[in-house]
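Let me begin by presenting the structure, written as structure tokens, before commenting on it.
Numbering (the working numbering), first residue to last: 1 to 328.
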């Protein structure tokens with residue numbers, strides 16, 4: 001095998017490392033990527049494979065042509081281009097690229113007995129359906145066991161055991177966990193971790209899912225973008241840290257701002273305070289008052305605002321004080 005690919009996690013981040021040495025891809029040193037733990041799984045859920053069947057079918061046809069010894073150079077170039085494109089879309093496809101570059105290299109070097117065994121085209125054409133199946137299985141686990149919005153009476157591990165042992169198991173589309181053999185290696189000066197060398201893409205998903213269960217990680221749905229995020233990563237927040245559309249801000253930042261605006265809209269004292277705060281602040285830029293005088297006014301204004309909110313001061317008295325221009 002002309003490549004090595006491994007994955008591991010420390011519970012906070014997930015790490016993927018690979019190296020390759022063949023005629024299609026040469027890494028001069030190991031390449032390493034890391035993401036927030038569970039991010040690769042969540043990215044997988046968000047991918048749309050319904051419109052990708054033609055793409056993978058085209059790859060499958062080129063593999064069949066290779067097996068039939070038709071236009072070897074052209075087909076290898078096309079497949080290399082496709083695997084390079086896929087590797088940029090998801091970390092699982094990075095493994096797929098390495099695996100198939102190894103197969104294509106063996107093909108080009110005539111290091112095989114049966115080309116159809118070396119390069120099974122259905123392993124490629126079935127990818128969209130396999131990913132759609134995994135997406136459904138993951139969402140089922142989220143719904144049945146990994147929901148971070150419900151109050152738990154037992155651990156995730158005991159819940160998953162009950163789900164897989166249930167008499168209803170036959171009617172549910174559950175992920176098929178398989179035996180995995182991991183190593184225990186020194187990752188850096190501070191960390192030892194279980195390291196897994198996958199044999200196919202489902203192995204990577206298997207490894208991540210069992211780490212999620214073992215570490216009791218649950219998930220919420222972001223109230224801003226509607227996507228899943230790990231509940232443990234962001235405390236009690238209702239929003240994730242993904243960038244929201246083209247705003248340049250994260251869902252968490254957008255959500256906090258939205259909540260603040262809702263709070264202000266429901267609080268007349270806050271509305272008055274913000275109105276006069278902006279007016280007074282503009283006087284600093286105009287050179288009409290000093291920053292120290294403004295800060296003294298703002299402190300008194302916040303005190304009166306909070307008293308109105310607590311029912312200890314009338315809104316009319318607060319507004320009269322703001323209009324009077326006292327302190328400034």
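In this text, a Cβ means the ideal position worked out from N, Cα and C, and glycines have one as well.
As the structure is a computational prediction, the values presented were derived from the model and not from experiment.
Proximity below 8 Å, CB of residue i to CB of residue j
i, j, result
"residue 240", "residue 249", "no"
"residue 163", "residue 150", "no"
"residue 45", "residue 138", "yes"
"residue 41", "residue 63", "no"
"residue 318", "residue 271", "no"
"residue 177", "residue 210", "yes"
"residue 196", "residue 174", "no"
"residue 155", "residue 113", "no"
"residue 218", "residue 148", "yes"
Spatial neighbours of residue i in its chain, beta-carbon cut-off 7 Å, leaving aside the 5 residues before and after
i, result
"residue 128", "49, 52, 53 and 56"
"residue 24", "80, 101, 104 and 105"
"residue 143", "none"
"residue 91", "16, 33 and 40"
"residue 26", "20"
"residue 136", "173"
"residue 242", "225, 227, 250 and 251"
"residue 233", "Residue placement at residue 233 is poorly supported in this model, since its pLDDT is 49, which falls under 50; the coordinates are not used for a value here."
"residue 121", "60, 63 and 64"
"residue 116", "67"
Anticipated Cβ contact below 8 Å, residue i with residue j, distance rounded
i, j, result
"residue 220", "residue 238", "7 Å"
"residue 107", "residue 66", "6 Å"
"residue 16", "residue 94", "7 Å"
"residue 187", "residue 7", "The pair is not a contact, with the Cβ atoms about 11 Å apart (cut-off 8 Å)."
"residue 201", "residue 124", "Between residue 124 and residue 201 the Cβ distance is about 11 Å, and since that is not below 8 Å, they are no contact."
"residue 39", "residue 72", "Not a contact, Cβ separation roughly 38 Å."
"residue 18", "residue 5", "4 Å"
"residue 1", "residue 131", "Contact flag wrong, Cβ pair sits at about 24 Å."
Cβ-based burial, residue i [other Cβ within 10 Å; buried from 16]
i, result
"residue 266", "exposed"
"residue 302", "exposed"
"residue 207", "buried"
"residue 37", "buried"
"residue 76", "buried"
"residue 308", "buried"
"residue 9", "buried"
"residue 316", "exposed"
"residue 269", "buried"
"residue 98", "buried"
"residue 280", "buried"
"residue 119", "buried"
"residue 291", "exposed"
"residue 230", "buried"
"residue 305", "buried"
"residue 324", "exposed"
"residue 198", "buried"
Residues near residue i in its chain [Cβ-Cβ closer than 6 Å; skip 5 each side]
i, result
"residue 253", "none"
"residue 283", "289"
"residue 222", "229, 239, 240 and 251"
Cut-off 8 Å between Cβ atoms - residues of its own chain near residue i, not counting five sequence neighbours on either side
i, result
"residue 160", "141, 145 and 213"
"residue 331", "The structure shown does not extend to residue 331, since the chain spans only 1 to 328, so no value can be given for it."
"residue 157", "213, 214 and 216"
"residue 277", "298 and 301"
"residue 83", "93, 96, 97, 100 and 101"
"residue 314", "308"
"residue 192", "184, 185 and 186"
"residue 22", "2, 3, 101, 102 and 105"
Test: residue i CB closer than 8 Å to a CB of chain B
i, result
"residue 207", "In the structure shown, chain B does not exist; there is a single protein chain."
Uninterrupted alpha helix (DSSP H) stretches inside the segment 213-242 (no shorter than 4 residues): none
Length at least 4, wholly inside the segment 132-203: the alpha helix (DSSP H) runs in chain order: 156-165
Those runs of the beta strand (DSSP E) which lie wholly inside the segment 28-79 and span at least 3 residues: 31-36
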